[in-house]
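Visitor:
In structure tokens form, the structure reads like this:
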């Protein structure tokens with residue numbers, strides 16, 4: 001499994017997260033991650049150097065360069081091809097004014113505006129976990145997932161859960177689907193190398209090779225006892241299932257069947 005990218009520090013979420021040219025309501029949007037948005041904000045709006053941006057986001061200068069080039073390319077595609085832009089997902093943590101010594105003027109202002117006297121801000125992050133889902137169980141073939149169960153977690157506790165349909169999205173499109181829903185963590189059964197790479201690029205942490213009850217798996221993840229396979233792989237996920245292929249329904253693609 002690819003090594004997950006380092007978590008990027010951002011000051012806050014954008015006030016407006018969707019831009020749509022006239023007449024493009026039914027067009028597939030281009031997804032700009034929050035860390036890409038933050039680099040654009042710091043470099044192009046705040047006029048910071050890449051080195052200053054790297055220090056503020058707690059990442060390397062070369063990573064800033066990569067994020068900046070990716071973000072500019074996406075914005076250019078929106079302008080040239082008239083596509084909508086949606087800011088969502090990514091691998092980040094929100095400072096929220098709690099790291100103002102490192103994050104600069106904008107975070108100091110935010111903290112001054114949001115802190116109340118004699119009240120300590122916790123600064124705990126909010127997680128959004130997705131589980132491949134079927135009838136209460138973890139579905140074992142990521143690329144054929146028809147439903148995800150999404151869990152919102154705050155202060156280490158589940159505060160909301162819902163089941164969402166993928167509407168026919170498959171393999172490569174599922175990473176974008178999860179990004180659109182703000183997911184940062186995925187629990188699943190079998191998953192191919194291409195999908196793993198797409199998840200890593202989207203900044204979504206993967207816990208693969210897991211089977212059993214979906215709710216129990218999330219509870220185990222939160223208390224640090226989830227058993228998963230960091231090297232999960234399913235060879236037949238990397239190509240189309242032809243007539244000569246085999247189906248995951250016959251044997252499962254969890255932690256022992258497709259390795």
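Numbering (UniProt numbering), first residue to last: 1 to 259. Cβ atoms here follow ideal geometry from the backbone N, Cα and C, with glycine treated the same way.
Compare the C-alpha of residue 34 against each of 140, 11, 229 and name the closest.
Guide: 11
Visitor: Using alpha carbons as the reference points, say which of 146, 68, 177, 160 lies closest to residue 45.
Guide: 68
Visitor: Run through DSSP, which three-state label would residue 134 get?
Guide: strand
Visitor: Please determine, among 159, 53, 232, the residue with the shortest C-alpha to C-alpha distance to residue 218.
Guide: Here the closest residue by C-alpha is 159.
Visitor: Would DSSP call residue 36 helix, strand or coil?
Guide: In the structure shown, residue 36 sits in a helix (DSSP, three-state: H, G or I).
Visitor: Under 6 Å Cβ to Cβ from residue 128, same chain only, skipping five residues before and after it: list those, please.
Guide: 152, 182, 183, 184
Visitor: Leaving out the 5 sequence neighbours to the left and right, which residues in its chain are closer than 7 Å to residue 70 when beta-carbon positions are compared?
Guide: 36
Visitor: On the DSSP bridge assignment, give the partners of residue 157 in chain order.
Guide: 154
Visitor: Using the rule of at least 16 other Cβ atoms within 10 Å of the residue's Cβ for burial, across every protein chain shown, is residue 196 buried or exposed?
Guide: buried
Visitor: Within the same chain, show all residues whose beta-carbon is closer than 6 Å to that of residue 21, passing over the 5 residues directly before and after it, in chain order.
Guide: 82
Visitor: Buried or exposed: which applies to residue 87, given that a residue is buried once 16 or more other Cβ atoms fall within 10 Å of its Cβ?
Guide: buried
Visitor: Quick one: what does DSSP say residue 80 is sitting in, helix, strand or coil?
Guide: DSSP places residue 80 in helix when its eight states are reduced to three.
Visitor: Could you compute how far the alpha carbon of residue 201 sits from the alpha carbon of residue 89?
Guide: 11 Å
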